[in-house]
Each structure stands twice: as C-alpha cells, then as structure tokens.
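Engineer: Take this structure, written in structure tokens, and hold onto it; I'll ask about it next.
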Amino acid sequence: MSTVSEPIAGTKVHYLNADYGIKSWLLTTDHKRIALLYLAGITFFFFIGGAFAVLMRLELVTPQGDMMQPETYNKMFTMHGVMMIFFFLIPSIPAVLGNFLVPMMIGARDLAFPKINLLSWYIAMIGGAFTLYAVVAGGVDTGWTFYTPYSSTYSNTHVIATAVGVFISGFSSILTGLNFIVTIHKMRAPGMTWFRLPLFIWAHYATSIIQVLGTPVVAITILLVGLERGFNIGIFDPELGGDPILFQHLFWFYSHPAVYIMILPGMGVISELVTCFARKKIFGYAFVAGSSVAIAVLGFLVWGHHMFVSGQSVYSGMVFSVLSFLVAIPSAIKVFNWTATLYKGSIVYMTPMLYAFGFIGLFTIGGLTGLFLATLAVDVHVHDTYFVVAHFHYIMVGGAIMAYLGGIHYWWPKISGKLYPEGWARLSAGILFIGFNLTFFPQFILGYLGMPRRYHAYPEEFQVLNVMSSAGASILGVGYLIPMIYLVWSMRYGRPSPPNPWGSAGLEWKTPSPPPTFNFDKTPVITEDPYIYSHDEEVEVG
Amino acid sequence: MTHHVEPRKVYFGIFAALMVLTALTVLVAMFDLGRFNIVVALSIACAKAFLVVMFFMHLRFAKPLTQVMVAGGLLWLVILLSGTITDYISRGWLGIVPGW
Ligand SMILES: [Cu+2]
Numbered sequence: 002m003s004t005v006s007e008p009i010a011g012t013k014v015h016y017l018n019a020d021y022g023i024k025s026w027l028l029t030t031d032h033k034r035i036a037l038l039y040l041a042g043i044t045f046f047f048f049i050g051g052a053f054a055v056l057m058r059l060e061l062v063t064p065q066g067d068m069m070q071p072e073t074y075n076k077m078f079t080m081h082g083v084m085m086i087f088f089f090l091i092p093s094i095p096a097v098l099g100n101f102l103v104p105m106m107i108g109a110r111d112l113a114f115p116k117i118n119l120l121s122w123y124i125a126m127i128g129g130a131f132t133l134y135a136v137v138a139g140g141v142d143t144g145w146t147f148y149t150p151y152s153s154t155y156s157n158t159h160v161i162a163t164a165v166g167v168f169i170s171g172f173s174s175i176l177t178g179l180n181f182i183v184t185i186h187k188m189r190a191p192g193m194t195w196f197r198l199p200l201f202i203w204a205h206y207a208t209s210i211i212q213v214l215g216t217p218v219v220a221i222t223i224l225l226v227g228l229e230r231g232f233n234i235g236i237f238d239p240e241l242g243g244d245p246i247l248f249q250h251l252f253w254f255y256s257h258p259a260v261y262i263m264i265l266p267g268m269g270v271i272s273e274l275v276t277c278f279a280r281k282k283i284f285g286y287a288f289v290a291g292s293s294v295a296i297a298v299l300g301f302l303v304w305g306h307h308m309f310v311s312g313q314s315v316y317s318g319m320v321f322s323v324l325s326f327l328v329a330i331p332s333a334i335k336v337f338n339w340t341a342t343l344y345k346g347s348i349v350y351m352t353p354m355l356y357a358f359g360f361i362g363l364f365t366i367g368g369l370t371g372l373f374l375a376t377l378a379v380d381v382h383v384h385d386t387y388f389v390v391a392h393f394h395y396i397m398v399g400g401a402i403m404a405y406l407g408g409i410h411y412w413w414p415k416i417s418g419k420l421y422p423e424g425w426a427r428l429s430a431g432i433l434f435i436g437f438n439l440t441f442f443p444q445f446i447l448g449y450l451g452m453p454r455r456y457h458a459y460p461e462e463f464q465v466l467n468v469m470s471s472a473g474a475s476i477l478g479v480g481y482l483i484p485m486i487y488l489v490w491s492m493r494y495g496r497p498s499p500p501n502p503w504g505s506a507g508l509e510w511k512t513p514s515p516p517p518t519f520n521f522d523k524t525p526v527i528t529e530d531p532y533i534y535s536h537d538e539e540v541e542v543g
Numbered sequence: 036m037t038h039h040v041e042p043r044k045v046y047f048g049i050f051a052a053l054m055v056l057t058a059l060t061v062l063v064a065m066f067d068l069g070r071f072n073i074v075v076a077l078s079i080a081c082a083k084a085f086l087v088v089m090f091f092m093h094l095r096f097a098k099p100l101t102q103v104m105v106a107g108g109l110l111w112l113v114i115l116l117s118g119t120i121t122d123y124i125s126r127g128w129l130g131i132v133p134g135w
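Heads up: the sequence lines are chains A and B, in that order.
For the first sequence, this note's numbering assigns the number 2 to the initial residue and increments by one for each residue that follows.
For the second sequence, this note's numbering assigns the number 36 to the initial residue and increments by one for each residue that follows.
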C-alpha cells in the first residue's frame with residue numbers, strides 16, 4: 002500500500018477533475034471514466050434504436066400500411082432490435098454501472114486489466130460503427146436474429162456489415178466479462194470474502210460467466226454464415242448439405258443466455274436498491290447470490306424454447322419446455338426474497354426505489370408470461386404474435402431498463418458528485434411506468450387475439466389496441482427524455498452530494514463523491530457482512 | 036507462484052506427435068470406413084487438441100482455478116452439442132407430424 006495524500010478541503014481532487022482534455026478521456030484506463038465513455042456511447046445507440054421504434058409505432062397507428070413499404074418496415078424492426086440488444090442492452094448495466102462499481106464494491110483500485118477495459122470500449126464503438134454504416138447504407142431486414150436463409154441464400158440487404166458489427170462488439174462483451182471474473186477472483190480487499198460480496202457483484206460474476214462462455218458461440222455462428230456465403234461451405238443451406246435449424250440452435254445457445262446478460266445485472270441492482278431503501282438486511286443472502294449462478298447455468302439449457310414451431314423435434318421441444326419451467330425457479334426466488342426484504346422494512350420512496358418497485362412488478366409479469374410461451378401447446382397459438390413482443394419487452398424494458406435507470410439514479414451522486422432533482426425524477430419514473438404499460442400491455446391482448454408480429458399492416462379490429470400502444474410509446478419517449486435532460490443539467494447545476502446521501506451500507510459509499518482516481522485513499526478492510534442497516538441511519542437528502 | 040518450465044524436448048516430442056497424428060488423418064481419409072469416417076477424424080482431432088491444451092498451453096501445470104475454468108468451457112461445449120444432437124436424433128421419434 003502506497004500512501005495516498007489526504008484530500009484537502011476545498012480543492013478536492015477526484016477522478017473527474019484529476020485530468021482535463023479529450024486525451025485524458027480517450028486514453029484513460031480509469032474504470033470510472035471508461036464507464037462514462039460507455040454511458041455516452043450506449044445512450045447514443047439507445048436513441049438510434051429508439052428512433053426506429055418511433056417510426057414503427059407511427060406506421061402502426063393505422064391498419065393500412067400507408068407510411069412505409071413492407072420492406073422498409075422489415076428494416077425498422079431489424080435495426081431497432083440489433084441496436085437495442087447488441088449495442089444498448091447487453092453493455093448497459095455491466096459496462097456502465099458494473100465498470101464503475103465492481104472495483105469500488107470489492108475495495109479495489111481498478112479492474113484487473115485496465116487497458117483491456119479501455120480496449121473493450123473501443124471494440125464496442127467500432128462494432129457500433131459497422132452497424133451504423135449498414136443502417137446508413139440502406140439497412141438490414143433479417144430481424145435481429147439473422148435467421149438463415151434470410152441472412153444467407155435470400156439476403157438482399159447489408160447483412161454482412163451488420164453481422165461484422167455484431168461479431169466485433171461480441172469481443173468487447175467477452176473482454177468485459179473476463180475482466181470482471183479475474184477482478185472478482187483476485188482483487189477483493191482484505192476481509193471481502195465471497196459471502197460478504199454485495200449481491201450486485203454476484204450478479205455481475207454470473208453475467209460474466211455467460212458473456213465468456215456464450216458470446217464466442219454467436220461469433221462463430223456469424224462467421225459460419227459468412228463462410229457459407231463466401232466459400233459455399235454447406236452448413237445451413239440444405240442444398241449444400243447443411244441445415245437451417247442448426248443456425249437457430251447455435252444462435253439461441255447464445256441469445257437465450259443473452260437475455261440473462263441483460264437481466265441478471267439488473268437483478269443485482271435491485272438487490273442493492275431494495276436493501277438500501279427498505280433499510281434492512283437482504284432476506285436470504287445465500288439464496289439470492291446462488292440463484293444468480295443458477296440462472297447463469299440453467300439459462301444455457303433452455304434455448305430450444307425459441308424453436309418449438311421451427312421444425313425442431315417434438316421430443317426435443319418437450320425437454321426444452323421442462324427445462325424452461327425450471328429456470329423460472331431461481332428468478333422467483335429473487336422476487337420472493339426482495340418482497341420478504343421489504344416486509345417490515347422502513348421503506349423510503351426515493352426515485353431509485355420507485356424504479357425497483359417498477360422492476361419487481363413488471364419483471365414478474367414478463368417472467369410469468371414467459372411460462373405461457375414455454376408451454377408447448379400454448380406456444381403453438383401465440384408464437385410469433387405480439388404476445389411474444391409484449392413478453393420480452395416486459396423483461397427487457399420493464400425489467401432491464403427500469404433497473405438500469407434505477408441504478409443510474411441511485412449511483413448518480415457517486416458518479417457525478419451531484420444530486421439530481423428528486424421531484425422531476427419521481428415524476429419521470431411515474432411517466433415511464435404509465436407509458437410503458439400503455440405501450441406493451443395492449444400488445445399482450447393483440448397477440449392473444451392473433452395479431453402476428455413483424456407486419457406493417459393489420460386488420461381493422463386491432464386498431465384501438467394499436468393506437469393505445471402507440472400513444473403509450475410517445476409517453477414512454479417523454480419519460481426517457483426528462484431524465485436525460487435533468488441528469489445532464491445536474492452535472493453542472495445540481496447540489497453537491499455528500500459521500501453517502503442515501504445512508505447506504507455499501508462500500509462504494511465509504512469514499513468521497515465523486516471518488517478519487519484510485520477509489521479509496523486507503524485499501525479498506527472488511528470486517529462485517531454486507532447490508533448491515535440499523536433503522537436510525539437516515540437518508541440525508543430528500 | 037512457482038512457474039513450471041517444461042524441458043525443450045517435451046515440446047519437440049509433442050510437435051512430432053501432432054505431425055504423426057496429422058499424417059494419420061490424411062492416411063485414414065484414403066479408406067472409406069462408412070459412418071466411422073467422422074468418428075475417427077474427430078477422435079484424432081480431439082487427441083491433438085488435448086495435447087496442445089495440456090502441453091503447449093501449460094494446462095497440465097496450471098493452477099486448479101485455471102483448470103476449472105477450462106473444464107467449464109468444455110462442459111459448455113458438451114451442453115451445446117448434446118442439446119443440438121437431442122433434436123437431430125429424435126426427429127420423428129414420437130410419430131407426431133407437426134401440423135403447422
Ligand atoms: Cu429464451
């Protein structure tokens with residue numbers, strides 16, 4: 002341990018003002034600065050992906066396909082999916098909040114490989130640039146799943162550029178996961194045993210396992226499509242001796258677990274929020290931690306539930322159906338434990354907690370409707386309808402994005418050193434909740450009534466529900482813009498934050514806000530379990 | 036942490052073994068073994084991969100944590116292959132013709 006100079010009152014040096022200039026950002030190896038680079042990058046991709054959603058919802062206001070050609074509409078939903086999944090949701094919580102917090106929560110000075118961390122950001126941005134090129138050059142229409150033969154024999158759009166972009170960004174995901182695994186194994190502060198780790202860390206550890214073990218498979222799959230197209234090697238094309246269903250097996254082997262890359266870190270965030278704002282120790286720590294690992298493992302055994310009606314054998318479908326029911330158990334364990342944590346807690350209704358409540362409710366709806374879809378016979382009726390669209394948006398928007406925003410608000414004082422305006426934040430959390438449900442709940446009904454997804458036109462009788470959905474989407478858009486504005490505003494004009502505005506027990510709050518470049522002036526020594534709250538520690542602001 | 040240094044002749048030995056196995060692959064390809072063609076080819080390939088991982092990549096003398104990580108990767112490959120093969124071998128087992 003080297004001696005680090007005490008911060009002098011008034012001229013506090015922290016990671017944001019330690020160095021100035023564009024080079025100090027683009028060449029930084031500070032995990033906190035890299036987190037902010039990611040924040041900027043993925044926010045940009047989020048708004049691009051969002052723009053495509055806006056165009057789709059506009060088209061669907063009327064039953065006729067009167068705004069765009071069907072081919073154009075195909076491109077809209079494809080690019081919405083590609084941008085949102087590969088360039089926003091997958092990096093969102095791990096690369097922003099995880100990057101910022103994993104070292105701080107375990108008492109480390111940085112991640113194990115700071116330069117690789119920076120490299121992962123550049124790789125993600127280069128991947129994004131390829132995909133943006135494809136968007137500008139005319140788009141892709143295969144759906145975000147790149148199913149063969151849409152992406153091979155019959156492709157007529159910029160599949161290769163998009164696929165290259167996704168392929169490249171996969172390496173960024175692998176490197177982040179690898180970095181977290183090594184960091185969590187090797188760089189824990191003295192006394193930070195595995196069962197003293199915050200649940201956020203357990204969630205990120207499980208996520209990292211998925212990233213490292215799953216992402217190479219999708220990368221190779223994309224490569225195989227390229228090999229088939231370029232060199233006529235028969236892998237997916239029956240005429241060359243291949244099998245298109247093989248593509249779906251390989252693709253979903255990654256892409257189902259990828260759902261957990263999106264939701265597990267969110268669950269980690271929720272565990273932190275619920276304990277802090279209920280001012281109680283988490284109920285069943287070992288179960289919540291273990292269920293993260295269980296989800297990571299079981300999540301790899303269920304991919305065939307995306308293929309019940311694709312020509313996969315019925316026997317296989319039965320196996321995957323049963324396994325899919327099993328994976329609901331660890332998710333349910335988490336929901337029950339959060340609820341039990343709230344029981345008799347002194348609940349404080351600050352903005353992050355509002356998002357946590359939103360997450361628990363919406364994730365539960367999303368998860369339970371997943372069981373409908375995992376049921377073989379029901380899936381024959383609702384597959385490829387808006388029921389599916391509603392289900393996974395409840396998981397990804399209602400779950401992952403709610404957790405992401407909750408986490409951003411909760412750690413914003415730590416990240417920026419400023420407090421955000423609580424009134425505006427509560428208002429926009431409410432707007433988001435209403436807008437989200439108005440957008441996606443009607444889609445459950447539409448799907449159940451049989452409206453298929455991925456069409457630009459639909460029968461008259463579906464118009465009312467579609468208009469509701471489009472109206473909800475515009476409310477949702479406002480709900481995203483308001484936080485964007487006040488968070489940026491608060492960086493300059495917000496009240497300075499004390500080191501621990503929420504009275505949290507977390508280690509990351511035991512250092513100034515914003516933290517010094519190496520996080521802690523002295524390596525902390527951990528002597529007690531996480532989440533030790535007494536009822537007299539109060540929230541300092543509000 | 037002590038670093039195990041392999042004597043140079045082990046490396047040359049492994050290299051020779053890899054070459055022999057490569058020659059064997061080519062040799063076997065000249066005979067038609069029916070459905071065993073693929074079995075033999077893949078077995079030889081696996082043996083070669085095993086040698087590379089154990090000696091050239093030093094897994095034999097790596098720390099247990101590293102070995103666990105590699106074993107995990109292998110287990111995941113088994114999951115991928117067995118899940119996929121379950122579909123291929125069981126198509127038509129239940130005598131149900133999909134009606135969609
Ligand atoms: Cu799935």
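Every residue gets a Cβ at the ideal spot worked out from N, C-alpha and C, and that includes glycine.
Quick check: is the beta carbon of I149/B nearer than 9 Å to any beta carbon in chain A?
Structural biologist: Only positions 36 to 135 of chain B appear in the structure, and residue 149/B is not among them; the question remains open.
Engineer: What residues sit near ligand 1, counting only those whose C-beta is closer than 7 Å to one of its heavy atoms, in chain order?
Structural biologist: W253/A, H257/A, V260/A, V303/A, W304/A, H306/A, H307/A
Engineer: Mapping DSSP to helix, strand and coil, what is T276/A?
Structural biologist: helix
Engineer: Does any residue of chain B bring its CB to less than 9 Å from the CB of I210/A?
Structural biologist: yes
Engineer: Give a yes or no on whether the minimum CB-CB distance between H250/A and chain B is below 9 Å.
Structural biologist: Answer yes: the Cβ-Cβ gap between H250/A and chain B drops below 9 Å somewhere.
Engineer: Between V219/A and G171/A, how many whole angstroms is the CB-CB distance? I'm expecting something under 8 Å.
Structural biologist: About 6 Å; that satisfies the 8 Å criterion.
Engineer: Could you tell me how far apart the beta carbons of V226/A and S153/A are, in whole angstroms, since I believe they sit closer than 8 Å?
Structural biologist: 6 Å
Engineer: From the DSSP secondary-structure annotation, give me the bridge partner or partners of K419/A.
Structural biologist: In the DSSP output, where bridge partners are listed per residue, K419/A has P497/A.
Engineer: Determine the burial state of K83/B: buried for a count of at least 16 other Cβ atoms within 10 Å of its Cβ, exposed for fewer.
Structural biologist: Taking all protein chains in view, the Cβ of K83/B is crowded by 16 or more other Cβ atoms within 10 Å, so the residue is classified as buried.
Engineer: Do we get a CB-CB distance below 9 Å when we pair L94/B with the residues of chain A?
Structural biologist: no
Engineer: Does DSSP put T386/A in a helix, a strand or coil?
Structural biologist: strand
Engineer: If you measure from the beta carbon of Q70/A to each beta carbon in chain B, is any gap under 9 Å?
Structural biologist: no
Engineer: Take I486/A as the anchor and find which of N467/A, P422/A, G507/A, F445/A has the nearest alpha-carbon.
Structural biologist: P422/A
Engineer: Roughly how many angstroms lie between the CA atoms of R496/A and M351/A, to the nearest whole one?
Structural biologist: One C-alpha to the other measures close to 17 Å.
Engineer: Which runs of the beta strand (DSSP E) at least 3 residues long sit entirely within the region 397-469 of chain A? Give them in chain order.
Structural biologist: The region 397-469 of chain A contains no whole beta strand (DSSP E) run of 3 or more residues.
Engineer: Got a sec, what are the start and stop residues for the alpha helix (DSSP H) K33/A sits in?
Structural biologist: Judged by DSSP secondary structure, K33/A falls within the alpha helix (DSSP H) whose first and last residues are 32-60.
Engineer: Spell out a yes or no on whether the region 250-264 of chain A and the region 73-92 of chain A are touching, meaning 3 or more CB-CB pairs, one atom from each, closer than 8 Å.
Structural biologist: yes
Engineer: Are the CB atoms of F309/A and I223/A within a distance shorter than 9 Å?
Structural biologist: no
Engineer: Given that a residue counts as buried once 16 or more other Cβ atoms are within 10 Å of its Cβ, and exposed if not, what is F85/B?
Structural biologist: When all chains shown are included, F85/B counts as exposed.
Engineer: May I have a chain-ordered list of the alpha helix (DSSP H) segments no shorter than 4 residues that lie completely inside the region 194-276 of chain A?
Structural biologist: 200-232
Engineer: Using a Cβ cut-off of 7 Å, pull out every chain B residue sitting near F373/A, in sequence order please.
Structural biologist: Residues of chain B passing the Cβ test: none, with the nearest at roughly 18 Å.
Engineer: List the whole-angstrom C-beta distance separating V97/A from A36/A, where the pair is believed to meet the contact cut-off of C-beta under 8 Å.
Structural biologist: 5 Å
Engineer: Evaluate contact between the region 339-355 of chain A and the region 425-433 of chain A, counting only Cβ atoms and requiring at least three cross-stretch pairs below 8 Å.
Structural biologist: Between the region 339-355 of chain A and the region 425-433 of chain A there are three or more inter-stretch CB-CB distances shorter than 8 Å, so the stretches are counted as touching.
Engineer: My understanding is that K281/A touches G362/A, with C-beta atoms under 8 Å, so please give their C-beta distance in whole angstroms.
Structural biologist: With a contact defined as Cβ atoms closer than 8 Å, K281/A and G362/A miss out at about 20 Å.
Engineer: Roughly how many angstroms separate the alpha carbons of P8/A and H15/A, rounded to a whole number?
Structural biologist: Note that P8/A has pLDDT 44, beneath the 50 cutoff, so the model's placement of it is unreliable and the number below is only indicative. Computed Cα separation, rounded: 9 Å.
Engineer: Using the beta-carbon count (16 or more within 10 Å), is H394/A buried or exposed?
Structural biologist: buried
Engineer: Could you check if V160/A is buried or exposed, using at least 16 other CB atoms within 10 Å of its CB as the buried criterion?
Structural biologist: buried
Engineer: What's the call for N233/A, buried or exposed, on a 16-neighbour Cβ count within 10 Å?
Structural biologist: exposed
Engineer: Within a Cβ cutoff of 7 Å, which residues of the same chain sit near D244/A, ignoring the five residues on either side of it in sequence?
Structural biologist: F237
Engineer: Pull up the CB-CB distance for H205/A and V103/A, whole angstroms please, since I reckon it's below 8 Å.
Structural biologist: Their Cβ separation, rounded to whole angstroms, is 6 Å, which keeps H205/A and V103/A in contact under 8 Å.
Engineer: Just the Cα atoms here: how many angstroms apart are L179/A and T216/A?
Structural biologist: 12 Å
Engineer: Which residues in chain B sit within 7 Å of V320/A, going by Cβ to Cβ distance?
Structural biologist: T121
Engineer: At a CB-CB cut-off below 7 Å, which residues of chain A make contact with I49/B?
Structural biologist: By Cβ distance, chain A contributes nothing, its closest Cβ being about 25 Å from I49/B, past 7 Å.
Engineer: Could you give the C-beta distance for L265/A and T208/A, rounded to a whole number, given that I count them as a contact under 8 Å?
Structural biologist: 5 Å
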